[in-house]
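Encoded as structure tokens, the structure appears first; notes follow it.
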Amino acid sequence: MLRIEGGLTLTGHEFDNQSGPFEAGIGLTVPLTFKAMPCSGREALERRKP
């Protein structure tokens, strides 16, 4: 219960390869505002960001 309350997700349960970080509740770990960092999926993540 503490893991869920703390916002810690469990791979394969709360998220998998079909969901992104925003759907899994860990979008804060995606540094989309830092444009200098190259990211191969940046455009896709920017489209999915709520």
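Just so you know, the sequence shown maps onto residues 58 to 107 in my numbering.
Just so you know, even glycine gets a beta-carbon here, dropped at the ideal spot from N, CA and C.
Enclosing alpha helix (DSSP H) for residue i [first to last residue]
i      : result
Glu103 : Arg99 to Arg105
Check whether residue i and residue j have beta carbons under 9 Å apart
i      : j      : result
Pro78  : Thr86  : yes
Arg105 : Glu80  : yes
Glu84  : Pro107 : What sits at residue 84 in the sequence shown is Gly, not Glu. Their beta carbons are under 9 Å apart, which means Gly84 touches Pro107 by this criterion.
Simplified DSSP state of residue i, which is helix, strand or coil
i     : result
Gly82 : coil
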